[in-house]
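Residue numbers (UniProt numbering), protein chains in the order written: chain B, 1 to 389; chain A, 1 to 166.
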Amino acid sequence: MADDAGNLSIDFLAGFTIFMITFIYVATLIPGLFIGLQSSSIDYDAVAYRTGVVLTEDPGMPYNPSWESPSVADSQILRFGLALSKDTPNILSYEKINRFFCTTEFVYPQDYQSRAVFGDYPYLFNISLQMAGSNVTQSVGDVLPEDYGYSRRVIKVKEHSNATLDFSNCNLLSCPSPLAQYALTGSQAGNATIQAFSLYFNYADLLDNGPANNNPAYQINPLSPSGTGQITGGEGVLVNLTGLGSLPQDNNTRVNLSSISVYRSVSLAPLGTGQSPFEGPVLNATNPSQFELFIDGTPVTTLPQPVTNNATLFIPPGLLSFLGQGDSSTLLNVTMQFSLTNVTTGNPQPDRYLNTTQVAPYGAFQYNYTNPNITQPYLQNGVMEVAVW
Amino acid sequence: MVNDRGQLYTIEGIAAGMIMLFTTYLVLGATSVYTPGDSHISDMQLEQTGTDALQMMNTPANGTSESQLQQIVENNEGNTFNTVFLDYVNNKTGSKADNLHYTASVTYYDILNKTTVTLPPFAFNRNLSGVEHPVRVTELVIANKQFPGGSGTPRAVLVEVLLWRD
Chain B
1 MADDAGNLSI
11 DFLAGFTIFM
21 ITFIYVATLI
31 PGLFIGLQSS
41 SIDYDAVAYR
51 TGVVLTEDPG
61 MPYNPSWESP
71 SVADSQILRF
81 GLALSKDTPN
91 ILSYEKINRF
101 FCTTEFVYPQ
111 DYQSRAVFGD
121 YPYLFNISLQ
131 MAGSNVTQSV
141 GDVLPEDYGY
151 SRRVIKVKEH
161 SNATLDFSNC
171 NLLSCPSPLA
181 QYALTGSQAG
191 NATIQAFSLY
201 FNYADLLDNG
211 PANNNPAYQI
221 NPLSPSGTGQ
231 ITGGEGVLVN
241 LTGLGSLPQD
251 NNTRVNLSSI
261 SVYRSVSLAP
271 LGTGQSPFEG
281 PVLNATNPSQ
291 FELFIDGTPV
301 TTLPQPVTNN
311 ATLFIPPGLL
321 SFLGQGDSST
331 LLNVTMQFSL
341 TNVTTGNPQP
351 DRYLNTTQVA
361 PYGAFQYNYT
371 NPNITQPYLQ
381 NGVMEVAVW
Chain A
1 MVNDRGQLYT
11 IEGIAAGMIM
21 LFTTYLVLGA
31 TSVYTPGDSH
41 ISDMQLEQTG
51 TDALQMMNTP
61 ANGTSESQLQ
71 QIVENNEGNT
81 FNTVFLDYVN
91 NKTGSKADNL
101 HYTASVTYYD
111 ILNKTTVTLP
121 PFAFNRNLSG
131 VEHPVRVTEL
141 VIANKQFPGG
151 SGTPRAVLVE
161 VLLWRD
């Protein structure tokens with residue numbers, strides 16, 4: 001009789017096999033169970049939040065001179081940050097936005113990954129910004145996928161100051177106040193054949209006496225971001241002279257804008273009027289390539305040029321800082337000189353025109369916080385979205 | 001005598017095992033684990049938007065004027081708040097706007113009676129019925145206005161907004 005002790009039964013084999021298969025299966029299943037916990041969207045949301053904070057609450061690096069300055073090379077930029085300063089979160093700088101979204105300068109995605117998104121993982125992203133009431137969206141990045149981390153920030157953007165002087169309500173005899181002081185009237189008119197319109201900047205006054213406790217958000221800042229010796233960032237200034245056709249009293253007067261000169265005084269307060277107390281001119285431009293000049297709506301690069309109705313002078317960001325040598329005690333006089341001639345004979349012809357020489361106390365249009373003809377810096381609403389995947 | 005009633009035989013055992021494993025696989029695969037952290041994310045995004053909106057409403061547009069939120073509190077302009085606040089929180093960079101709901105109220109400290117008083121909501125675009133899951137965002141506003149229990153101006157009051165998405 002056969003002894004079957006010590007035999008392996010087929011039941012045992014089957015049972016053990018099933019047990020082993022199940023065991024291996026469960027063992028491989030357990031790590032997969034936690035995939036739901038390590039949700040990628042949580043990570044993406046955190047990165048989107050961080051990127052949003054870096055962009056809206058940080059002024060970026062380097063700070064002085066600031067990274068948006070043309071003098072700072074791409075390779076020197078360590079971190080993008082669009083905030084005006086570290087004390088003004090959510091208030092962004094116009095120049096920083098423009099340089100950030102310049103996709104011809106920076107390459108998506110690597111230039112932005114290392115300066116705004118950060119992290120070891122090469123995240124893809126889309127960052128977009130839109131001003132309220134505008135349908136133009138500035139953006140950088142890819143088309144959004146189905147699933148992505150998201151952060152939305154409500155922002156404001158600082159708009160620079162500008163001066164607008166509209167002389168179209170001037171008649172043959174007079175000009176309405178406060179424009180009257182910038183144009184010679186009555187007996188004063190009729191003698192001068194060369195007339196000048198000067199802008200006067202007192203850097204110390206602009207930098208120290210800004211509104212709302214000198215809050216950078218509302219400051220006219222000719223030096224920001226500071227930098228010396230070369231054209232760096234800084235704010236631009238726009239001067240818009242319109243309705244000039246109403247000024248000359250004689251129809252035969254022809255007006256030419258003959259030059260734009262810049263006079264500077266550093267650490268010395270000139271008490272007299274006009275240009276005499278100043279050094280200079282430090283810039284006597286009959287080829288005003290450093291400025292942006294528009295006469296009657298057309299961009300102009302050479303002087304003299306005939307002026308009919310409008311002259312717009314834009315002192316681009318950085319030029320004021322450059323002209324002021326980065327010194328906060330600078331006093332600057334920018335003078336536009338006009339020559340008046342007879343349209344038929346070509347001889348000098350005295351007539352009434354723009355003239356600031358008699359304006360107290362500096363013989364110039366003062367570019368400051370109290371001049372009623374200046375639109376002070378203001379904040380525009382907008383929204384910024386960051387999507388990361 | 002050995003009775004084999006009620007026994008599971010080998011082949012049936014394998015089949016049953018397969019069925020059980022397959023069922024487990026189906027059940028586990030169909031469930032996604034929803035962690036508390038996930039709901040926290042959307043709350044945080046909503047809080048961020050609300051806080052930003054209130055902060056920007058409390059930032060004057062230029063250096064000499066009062067902020068919009070300050071004017072709204074001083075003159076109790078619920079309609080203006082409704083328009084401006086919804087503009088801020090719903091605007092997106094794309095063409096499709098968001099759709100958020102809120103109620104807003106003002107809280108001040110009654111100095112005389114030493115109590116905190118919350119006024120009834122001065123602006124809302126939907127009533128809270130209790131089933132919503134709102135987040136709370138606040139902003140301190142300095143208002144040139146007298147509130148009960150104190151004679152001096154300016155007064156610091158708290159604008160509190162409950163914000164939710166449905």
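Every residue, glycine too, gets a C-beta built ideally from N, C-alpha and C.
Which residues does DSSP pair with residue i in a beta bridge?
i	result
residue 306 (chain B)	B:256
residue 160 (chain B)	DSSP output for residue 160 (chain B) lists no bridge partner at all.
residue 348 (chain B)	B:341
residue 28 (chain B)	DSSP lists no partner for residue 28 (chain B).
residue 66 (chain B)	B:63
residue 195 (chain B)	B:338
residue 263 (chain B)	B:333
So, is the C-beta of residue i closer than 8 angstroms to a C-beta in chain A?
i	result
residue 366 (chain B)	no
residue 153 (chain B)	yes
residue 59 (chain B)	no
residue 412 (chain B)	The question about residue 412 (chain B) has no answer here: the residues shown for chain B are numbered 1 through 389.
residue 210 (chain B)	yes
residue 22 (chain B)	yes
residue 215 (chain B)	yes
residue 156 (chain B)	yes
Just checking: is the beta-carbon of residue i within a distance shorter than 8 angstroms of some beta-carbon in chain B?
i	result
residue 80 (chain A)	no
residue 61 (chain A)	yes
residue 96 (chain A)	no
residue 14 (chain A)	yes
residue 91 (chain A)	yes
residue 30 (chain A)	no
residue 102 (chain A)	no
residue 17 (chain A)	yes
residue 21 (chain A)	yes
residue 142 (chain A)	no
residue 88 (chain A)	yes
residue 138 (chain A)	no
residue 10 (chain A)	yes
How far does the beta strand (DSSP E) with residue i in it extend, from its first residue to its last?
i	result
residue 61 (chain B)	Per DSSP, residue 61 (chain B) belongs to no beta strand (DSSP E) and is neither H nor E.
residue 160 (chain A)	155-165
residue 387 (chain B)	378-388
residue 110 (chain A)	100-110
residue 128 (chain A)	No beta strand (DSSP E) holds residue 128 (chain A); DSSP gives it neither H nor E.
residue 139 (chain A)	135-143
residue 292 (chain B)	292-295
residue 240 (chain B)	237-242
residue 300 (chain B)	298-300
residue 118 (chain A)	115-118
Please state the DSSP three-state secondary structure of residue i.
i	result
residue 107 (chain B)	coil
residue 393 (chain B)	Summary: the structure shown does not reach residue 393 (chain B), with chain B confined to residues 1 through 389, and so no result is reported for it.
residue 93 (chain A)	coil
residue 125 (chain B)	strand
residue 216 (chain B)	helix
residue 181 (chain B)	helix
residue 14 (chain B)	helix
residue 72 (chain B)	coil
residue 5 (chain A)	coil
residue 45 (chain A)	helix
residue 365 (chain B)	strand
residue 165 (chain B)	strand
residue 130 (chain B)	strand
Just reading off the alpha helix (DSSP H) that residue i is part of, what are its end residues?
i	result
residue 27 (chain A)	10-30
residue 100 (chain B)	94-100
residue 322 (chain B)	319-323
residue 315 (chain B)	No alpha helix (DSSP H) contains residue 315 (chain B), which is instead part of the beta strand (DSSP E) from 311-315.
residue 71 (chain A)	68-75
residue 206 (chain B)	203-208
Residues in the same chain with beta-carbon distance under 7 angstroms from residue i, minus the five sequence neighbours each way, listed in chain order, please.
i	result
residue 143 (chain A)	70, 73, 74, 154, 155 and 157
residue 166 (chain B)	242 and 243
residue 364 (chain B)	198, 199, 200, 333 and 356
residue 119 (chain B)	47
residue 126 (chain B)	139, 141, 142, 144 and 387
residue 3 (chain A)	none
Which residues in the same chain as residue i place their Cβ atom closer than 8 angstroms to its Cβ, once the five residues preceding and following it in sequence are excluded?
i	result
residue 132 (chain B)	380, 381, 382 and 383
Excluding the 5 residues flanking residue i on each side, which residues of the same chain have their C-beta closer than 6 angstroms to its C-beta?
i	result
residue 8 (chain B)	none
residue 145 (chain A)	74
residue 342 (chain B)	252 and 349
residue 293 (chain B)	300 and 313
* **Within 8 angstroms of chain C by C-beta, residues of the region 43-74 of chain A in sequence order** => Structure shown: chain C not included; protein chains present are B and A.
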